[in-house]
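Colleague: Going left to right, the sequence shown walks through residues 9 to 330 as this note's numbering numbers them.
Note that beta-carbon positions come from the ideal geometry of N, C-alpha and C, so glycine has one too.
It should be emphasised that the depicted structure is a prediction, and the values quoted were computed from it without experimental measurement.
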Amino acid sequence: MVLRAPGRPLEPADLAPPVPGDGEVLVRVSACGVCRTDLHVVDGELSQPKLPLVPGHQIVGTVVDGGERFAAGERIGIPWLGETCGRCRFCQSGRENLCDAPTFTGYDRDGGYAELAVAAEAFAFPLPPGLSDLEIAPLLCAGLIGYRALRMAGDAERLGLYGFGAAAHIICQVARHQGRRVFAFTRADDADAQRFARDLGAEWAGDAREPAPEELDAAILFAPVGEHVPAALRATSKGGTVVCAGIHMSDIPSFPYKLLWGERSVRSVANLTRRDGEEFLALAPTVPVHTHVAEYPLERANDALDDLRAGRVEGSAVLSLA
Ligand SMILES: [Zn+2]
Ligand SMILES: [Zn+2]
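Structural data, given as structure tokens:
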């Protein structure tokens with residue numbers, strides 16, 4: 009499924025099979041998660057994709073050919089971080105997520121809305137057993153970037169999650185496993201998302217525009233809504249952190265300095281490091297994380313994107329190529 013220009017639906021296309029280069033592997037895709045970032049690419053909010061583009065960066069597949077790291081037939085995962093330069097000061101200081109010259113899967117490189125995909129083997133992950141291809145796909149971005157955001161929230165006991173989609177439904181489970189208390193903030197009328205959050209262990213779920221039921225120690229914003237930043241600061245105690253986990257957000261309205269005073273901080277989380285992926289993929293089966301998946305065949309990728317845009321997906325949308 010190919011994006012020819014932002015703002016247009018994806019088109020089915022027959023492409024030549026991709027050929028792995030040095031250090032790359034060719035995989036047969038079995039599942040590919042649909043991420044909000046894909047929506048930002050398709051809708052033109054991330055404005056520099058390669059074109060035409062095969063989107064998708066939560067790829068589960070089996071190795072067909074190429075590379076030295078993985079055996080043919082091995083199940084691997086391909087995430088958003090496609091490759092880094094390895095030389096810039098960020099790469100050299102354990103911050104490859106901030107690399108000056110990265111390529112991203114399903115943005116600068118063709119991704120997994122396809123039967124075949126090519127990846128740099130050093131940036132792919134071996135996958136733990138126990139979860140199906142469909143269940144594990146959402147861990148590859150929603151899960152591991154969500155996990156990076158959770159780490160940035162420090163040891164907060166009372167954790168607010170703004171937006172309860174793919175990432176929050178995973179991170180809620182991890183946070184509960186760590187003994188934290190979770191408060192879920194959704195759209196006012198989204199009773200389904202609120203029930204879903206309570207089912208997964210949130211002790212409170214309600215309207216993001218209403219005051220929090222009690223003070224929070226940290227908040228993670230998964231919804232790309234700038235108004236949530238001052239709201240989350242208002243809900244957060246002294247010393248607390250508000251973590252913005254999305255790659256794109258509407259403008260943040262101005263707010264009085266007193267909301268930031270008291271050593272509160274606002275920060276973003278960008279991309280992932282391979283270490284984040286290795287840590288999270290080891291942690292997830294011990295929680296254990298259960299992903300809730302809405303399955304779509306590849307040719308219905310546009311329906312999956314439309315449902316995600318409209319907030320109709322409970323958990324994670326995943327394209328299935330089985
Ligand atoms: Zn670099
Ligand atoms: Zn993503």
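Measuring only from the beta carbon, is LEU65 closer than 7 Å to any heavy atom that is part of ligand 2?
Modeller: Within the sequence shown, residue 65 is the residue found at index 57, counting from 1. Strictly speaking, residue 65 in this sequence is His, with Leu absent from that position. Yes, the beta carbon of HIS65 sits closer than 7 Å to at least one heavy atom of ligand 2.
Colleague: Does DSSP put GLY285 in a helix, in a strand, or in coil?
Modeller: By 1-based counting over the sequence shown, the position of residue 285 is 277. If DSSP states are grouped into helix, strand and coil, GLY285 belongs with the helices.
Colleague: Is the separation between the beta-carbon of GLY15 and that of GLY52 shorter than 8 Å?
Modeller: Start at 1 with the first residue of the sequence shown, and residue 15 comes out as number 7. Start at 1 with the first residue of the sequence shown, and residue 52 comes out as number 44. Yes. Within cutoff.
Colleague: Under a Cβ-count criterion, where at least 16 other Cβ atoms within 10 Å of its own Cβ denotes burial, should GLY75 be classed as buried or exposed?
Modeller: Here residue 75 refers to the residue found at position 67 of the sequence shown. Its Cβ being crowded by 16 or more others within 10 Å, GLY75 is buried.
Colleague: Rounded to whole angstroms, what is the Cα-Cα separation between CYS93 and PRO137?
Modeller: Taking the first residue of the sequence shown as 1, we reach residue 93 at position 85. Taking the first residue of the sequence shown as 1, we reach residue 137 at position 129. Taking the straight line joining both Cα atoms gives about 31 Å.
Colleague: Please classify HIS55: is it buried, with 16 or more other beta-carbons within 10 angstroms of its beta-carbon, or exposed?
Modeller: Mapped onto the sequence shown, residue 55 falls at position 47. Residue identity differs from the one stated: residue 55 is Ser in this sequence, not His. Looking at its Cβ environment, which holds fewer than 16 other Cβ atoms inside 10 Å, SER55 is exposed.
Colleague: Could you check what DSSP says for GLY162 in three-state terms: helix, strand or coil?
Modeller: On the sequence shown, position 154 is the one that residue 162 refers to. Coil, per DSSP.
Colleague: Which first and last residues belong to the beta strand (DSSP E) in which LEU89 is found?
Modeller: Here residue 89 is taken as the residue at index 81 of the sequence shown, counted from 1. Note, LEU89: beta strand (DSSP E), 89-91.
Colleague: Is the beta carbon of GLY31 closer than 8 Å to that of GLU104?
Modeller: Reading the sequence shown from its first residue, position 96 is the one you call residue 104. Reading the sequence shown from its first residue, position 23 is the one you call residue 31. No, they are not a contact pair.
Colleague: For HIS48, count neighbouring Cβ atoms within 10 angstroms of its own Cβ and tell me buried if that reaches 16, exposed if not.
Modeller: Here residue 48 refers to the residue found at position 40 when the sequence shown is read from its first residue. Answer is buried; the Cβ neighbour count reaches 16.
Colleague: Is VAL71 closer than 8 Å to ALA80 when the C-beta atoms are compared?
Modeller: Along the sequence shown, one-based indexing puts residue 80 at 72. Along the sequence shown, one-based indexing puts residue 71 at 63. It is a contact, given that the beta carbons lie within the stated cut-off.
Colleague: Starting from ASP73, follow the beta strand (DSSP E) in both directions and report where the run begins and ends.
Modeller: Position 65 of the sequence shown holds residue 73. Taken as a continuous stretch (DSSP letters only), the beta strand (DSSP E) holding ASP73 covers 67-73.
Colleague: What are the boundary residues of the alpha helix (DSSP H) that includes THR244?
Modeller: Position 236 of the sequence shown, counted from the start, is the residue given in the question as residue 244. No alpha helix (DSSP H) contains THR244, which is instead part of the beta strand (DSSP E) from 244-252.
Colleague: Can you tell me whether ASP197 is helix, strand or coil according to DSSP?
Modeller: Your numbering for residue 197 matches position 189 in the sequence shown. The answer is coil: DSSP assigns ASP197 none of H, G, I, E or B.
Colleague: What is the residue span of the alpha helix (DSSP H) that CYS4 lies within?
Modeller: No answer is possible for residue 4: it lies beyond the span of the chain, which begins at 9 and ends at 330.
Colleague: By the three-class DSSP mapping on this structure, what secondary structure does GLY154 have?
Modeller: To locate residue 154, count along the sequence shown from 1; it is residue 146. Helix.
Colleague: Drop a sphere of 10 angstroms on the beta-carbon of HIS177, count the other beta-carbons inside from all chains shown, and report buried for 16 or more, exposed for fewer.
Modeller: Here residue 177 corresponds to residue number 169 of the sequence shown, with the count starting at 1. HIS177 should be labelled buried.
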